[in-house]
Ligand code: SF4
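Numbering (our numbering), first residue to last: 60 to 411.
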């Protein structure tokens, strides 16, 4: 079965593979960047992020020399901002630890910040043609269906079993295109919903198909409990200036900028005195208060109220006071970015 599957995948890949920039030019920097971006998004959306990154930072040296805030700004909208911080950090590791040359050795690749076994295997195989089998979400689905694995893929033991099968399937004569064929097959043919079994070259080998288990595999345990959070964003302004703050790195949107935030345990609207009690600002007048619709993250639902508040001028070194016209130069969470697309922060009248 192994040889039949391997050959079937390879000929399917030759016919169906998409033309992608990191595929046409599989240099390690491109492969690494594409893999990190594609952990966050689908290929069609990730492609524009990849192209923008490469245009802005054509080489790993350019990325290493960039300001972190600029990298975060380019990453805006992809979520999991720790990945962008790790990219920047690891680019600097390549410069300092490997003389600016992307490491070829698997263990060295693994030493780069944010690079786990999956990404290291992808880089080692695609860029350096080493026989390291990748196991991502697509590969997990393809293998668990081909071999009719009915244990939950949330368990480490199941993933180990899948990794062992992926290692066995590896085409040691052609690791780069073998791994890409596995991932591409999962993305285009053996999809999560409505896999194209009726036109599948592996149908006769596929045990899940034979046993009628396709729709239930891969099996997952129940989802982790979601967390609901209530944010109150204080758009504190005077003249044409705004107060913003930078988020810490131990929570969502780490390192991004936002309006002053008061997190609450309910969606209750705060009073001016409550706001003054919690923030180092003096409220002059309260304008509009807008409640935004639920903002959904992978494990959290955010309900946000936005308060447009005119304040008395502040002089506080700990606060970031920025010109309203410069706000777009900061990396902002998608929730705030979307709010700014739909609302005026300071009315035109007040601005002039
Ligand atoms: S027969 Fe269906 S489930 Fe099996 S490998 Fe092909 S597409 Fe996937």
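The beta-carbon is built from N, C-alpha and C at its ideal position, and this holds for glycine as well.
Rounded separation between residue i and residue j - CA only
{"i": "residue 315", "j": "residue 387", "result": "12 angstroms"}
{"i": "residue 179", "j": "residue 251", "result": "25 angstroms"}
{"i": "residue 290", "j": "residue 274", "result": "39 angstroms"}
{"i": "residue 69", "j": "residue 214", "result": "29 angstroms"}
{"i": "residue 102", "j": "residue 93", "result": "9 angstroms"}
{"i": "residue 41", "j": "residue 229", "result": "Outside the shown range of the chain (60 to 411) lies residue 41, about which nothing can therefore be said."}
{"i": "residue 379", "j": "residue 61", "result": "60 angstroms"}
{"i": "residue 104", "j": "residue 362", "result": "26 angstroms"}
{"i": "residue 185", "j": "residue 78", "result": "15 angstroms"}
{"i": "residue 339", "j": "residue 369", "result": "14 angstroms"}
{"i": "residue 135", "j": "residue 391", "result": "7 angstroms"}
{"i": "residue 337", "j": "residue 323", "result": "11 angstroms"}
For residue i, the three-state DSSP class (helix, strand or coil)
{"i": "residue 213", "result": "coil"}
{"i": "residue 193", "result": "coil"}
{"i": "residue 401", "result": "helix"}
{"i": "residue 322", "result": "strand"}
{"i": "residue 272", "result": "coil"}
{"i": "residue 188", "result": "coil"}
{"i": "residue 347", "result": "strand"}
Closest residue to residue i among the options (Cα-Cα distance)
{"i": "residue 364", "options": "191, 372, 352, 373", "result": "352"}
{"i": "residue 396", "options": "218, 354, 160", "result": "354"}
{"i": "residue 125", "options": "97, 154, 101", "result": "154"}
{"i": "residue 216", "options": "199, 231, 232, 205", "result": "199"}
{"i": "residue 76", "options": "325, 393, 245, 209", "result": "245"}
{"i": "residue 143", "options": "313, 361, 346, 368", "result": "313"}
{"i": "residue 357", "options": "157, 91, 71, 100", "result": "100"}
{"i": "residue 383", "options": "372, 368, 375, 405", "result": "405"}
{"i": "residue 85", "options": "255, 188, 327", "result": "188"}
Closer than 7 angstroms to chain B by CB, residue i
{"i": "residue 199", "result": "Here there is only one protein chain, and chain B is not present."}
Identified DSSP bridge partners for residue i
{"i": "residue 167", "result": "According to DSSP, residue 167 bridges with nothing at all."}
{"i": "residue 286", "result": "359"}
{"i": "residue 300", "result": "297, 382"}
{"i": "residue 342", "result": "370"}
{"i": "residue 110", "result": "In the DSSP output, where bridge partners are listed per residue, residue 110 has none listed."}
Residue i beta carbon near the ligand MG (any heavy atom closer than 6 angstroms)
{"i": "residue 258", "result": "Only the ligand SF4 can be found as ligands here, which leaves the ligand MG out of the picture."}
Practice problem: Tell me, please, whether the region 256-274 touches the region 220-233 by the rule of three or more beta-carbon pairs shorter than 8 angstroms. | Solution: no
Quiz item: Can at least three beta-carbon pairs, one atom from the region 230-244 and one from the region 156-176, be found at a separation below 8 angstroms?
Solution: no
Quiz item: When the Cβ atoms of the region 329-342 are set against those of the region 156-169, are three or more pairs found closer than 8 angstroms?
Solution: no
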